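With our numbering as the guide, the letters of the sequence shown map in order to residues 197 to 466. Think of the CB as a built atom: it goes at the ideal place given N, C-alpha and C, for glycine as much as any other residue. Computed from a predicted structure; not experimentally measured.
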Amino acid sequence: MSEGFRAGPAVCAVAPVVAALAHIGPAATWLPGLRRRRFPGLAGQGRPDHVALTFDDGPGPVSTPRFLDVLDGLGVRATFFVLGENVVRHRAQARELTRRGHEIAVHGWTHDRPWLPSPARDARELARAVRAVREVTGQAPLWYRPPYGILTSGRWAAAYRAGLRPVLWTAWGKDWRRDATPASVRATVAADLRGGGTVLLHDTDHASAPGSWRAALTALPGIVRDCREAGLEVGPLLEHGTAGVAGRRAAGRRVPVAPGAAPFRSPAPG
Numbered sequence: 197m198s199e200g201f202r203a204g205p206a207v208c209a210v211a212p213v214v215a216a217l218a219h220i221g222p223a224a225t226w227l228p229g230l231r232r233r234r235f236p237g238l239a240g241q242g243r244p245d246h247v248a249l250t251f252d253d254g255p256g257p258v259s260t261p262r263f264l265d266v267l268d269g270l271g272v273r274a275t276f277f278v279l280g281e282n283v284v285r286h287r288a289q290a291r292e293l294t295r296r297g298h299e300i301a302v303h304g305w306t307h308d309r310p311w312l313p314s315p316a317r318d319a320r321e322l323a324r325a326v327r328a329v330r331e332v333t334g335q336a337p338l339w340y341r342p343p344y345g346i347l348t349s350g351r352w353a354a355a356y357r358a359g360l361r362p363v364l365w366t367a368w369g370k371d372w373r374r375d376a377t378p379a380s381v382r383a384t385v386a387a388d389l390r391g392g393g394t395v396l397l398h399d400t401d402h403a404s405a406p407g408s409w410r411a412a413l414t415a416l417p418g419i420v421r422d423c424r425e426a427g428l429e430v431g432p433l434l435e436h437g438t439a440g441v442a443g444r445r446a447a448g449r450r451v452p453v454a455p456g457a458a459p460f461r462s463p464a465p466g
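Below, the structure written as structure tokens:
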């Protein structure tokens, strides 16, 4: 009996640790190598002749319209992972995304870090963001990308309940940094990009260094040109397809770094 009493406090002490691991454990998929090897669908691996172009954090009243103009000039449609709070705050820009033929996906309601377990809040806020997208734009979103790419168990469950498929990325431009430049964004994307990959950029500085979106905007034509010169189509996730085993084997064409653009190494944290 006394041993049972002694075991009780030990179990109580271990339980919070187990709960925390269950909550944050799935976030290990943030590691690029792990998700590319073990979870290609989550990484955004698609058709080997296609690159999915995606943008996070918008819409923004000043920056997003400029991205739309550049994309129009390039003849490219993309997927925009929007924040619910920005959709209701900037309704005209959200509607313009749809009017110009782009796909809208969900990035959450706010751009927060989910360190503490809160499954009910996750489900409530994701459902709220989905409703905002539907009501403002008329589009029913298909995809979900959590802020910072941190996919906890609660956010997995919330996405499932909302009918959304989580998608992260295979290449990014690190365009949110204060020291980002058009050359650094283009070279950083090209360093990790292959056929079938998904590119992450930002069309606003909502959660980034002020004005950092200008580096991504200026780099965008070069990124699209690099893809096309490699024989790859560029478009939204809706046209990206899902890579099976054969698709993953074929998706090996590397997008070359533009001449004179050396791979970027920044001292700033990623």
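Within 10 angstroms of the beta-carbon of V258 lie fewer than 16 other beta-carbons, which makes it exposed. If the five residues before and after G437 are omitted, its C-beta is found closer than 8 Å to the C-beta atoms of G242, R243, H246 and G443, all from its own chain and listed in chain order. Taken atom to atom, the span from the alpha-carbon of E292 to that of S380 is near 29 Å. Within the model, the alpha-carbon separation for L249 versus P417 is close to 12 Å. Remark: C-beta atoms of I419 and A376 do not approach each other more closely than 9 Å.
Taking C-alpha positions only, Y356 is separated from L322 by approximately 10 Å. Ranking R390, V284 and D268 by CA distance to the CA of C423 puts R390 first. In the three-state DSSP reduction, L396 falls in the strand class (E or B). Contact between A415 and R382 holds: CB atoms are separated by about 4 Å, below the 8 Å threshold.
Judged by DSSP secondary structure, G431 falls outside any alpha helix (DSSP H) and instead within the beta strand (DSSP E) spanning E429 to G431. Exclusion of the five residues before and after D318 leaves P310, T348, G350, R351, A353 and A354 as the residues of its chain whose Cβ lies within less than 8 Å of its Cβ. A376 sits in coil when the DSSP states are folded into three classes, being neither helix nor strand. Contact annotation: A325 and D371 have beta-carbon atoms that are not nearer than 9 Å. According to the DSSP secondary-structure assignment, A367 is paired through a beta bridge with V395.
CA-to-CA, the gap between P378 and R410 works out to about 8 Å. By the neighbour-count criterion, in which 16 or more other beta carbons inside 10 Å mark a residue as buried, D265 falls on the exposed side.
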